Structure formats: C-alpha cells, structure tokens
Ligand SMILES: [Zn+2]
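Residue numbers (this note's numbering): 261 to 359.
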C-alpha cells in the first residue's frame with residue numbers, strides 16, 4: 261500500500277500559553293486550547309510519499325497542531341499515513357531545536 265510519512269521539521273513555542281501547555285493556573289490548570297497541551301506549535305513538516313518521494317509543499321497543507329492534509333489526492337485512493345513516532349513529536353527529546 262502507498263504510504264505517506266510525516267516528519268515535523270519546525271516548532272515554535274505556543275504564544276497563547278508561552279510554551280506551558282496550560283493556562284498556568286496553580287489550581288486545576290486548563291489545557292491550552294491552541295496547542296492542545298503540547299506547548300508547541302508545528303511550523304514545518306516534511307511529507308514523504310512512498311511512490312513520489314518527498315512531496316513539494318504545494319501538495320499538502322498542515323496546521324499548527326501537526327495535522328497534515330493532502331491535496332490533489334483521489335478520495336478513493338487508499339494510503340497509509342505514518343505519523344511521527346512519539347519520540348518525534350513536539351515534546352520529543354530528539355526534535356527539540358537547540359535554537
Ligand atoms: Zn498553548
């Protein structure tokens with residue numbers, strides 16, 4: 261089956277919660293609605309298609325939560341989406357940008 265692999269290549273601290281992931285309340289803090297508690301927003305992704313290789317940015321769209329939307333794909337075409345492993349997520353140690 262065709263496989264679509266997603267890698268996150270860029271992050272920034274969530275400006276809504278300043279990277280905390282919640283509203284900072286000491287009593288029952290609420291999860292930040294903008295970043296869903298991760299504290300970070302996705303600013304860059306790389307999408308690799310098992311058939312076509314790395315897709316140009318015009319072939320997909322993504323949002324700050326890391327959800328990727330493929331454009332120009334047939335709706336009835338089946339493919340498997342490989343999401344980043346937990347270690348590659350916004351809070352993963354291997355993905356923290358030292359900058
Ligand atoms: Zn946030």
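All residues carry an ideal CB built from backbone N, CA and C; glycine is no exception. Just so we're clear, the structure is a prediction, and the values are computed from it rather than from any experiment.
- In its chain, beyond the 5 residues on either side, 321 have a beta carbon closer than 6 Å to the beta carbon of residue 329.
- When DSSP reads this structure, residue 339 sits in a beta bridge with 262.
- Under DSSP, residue 308 forms a beta bridge with 265, 314.
- Straight-line spacing of the CA atoms in residue 338 and residue 295 works out to 29 Å.
- Of 281, 305, 272, the smallest CA-CA separation from residue 344 is found for 305.
- Residue pairing for residue 330: DSSP places it in a beta bridge opposite 320.
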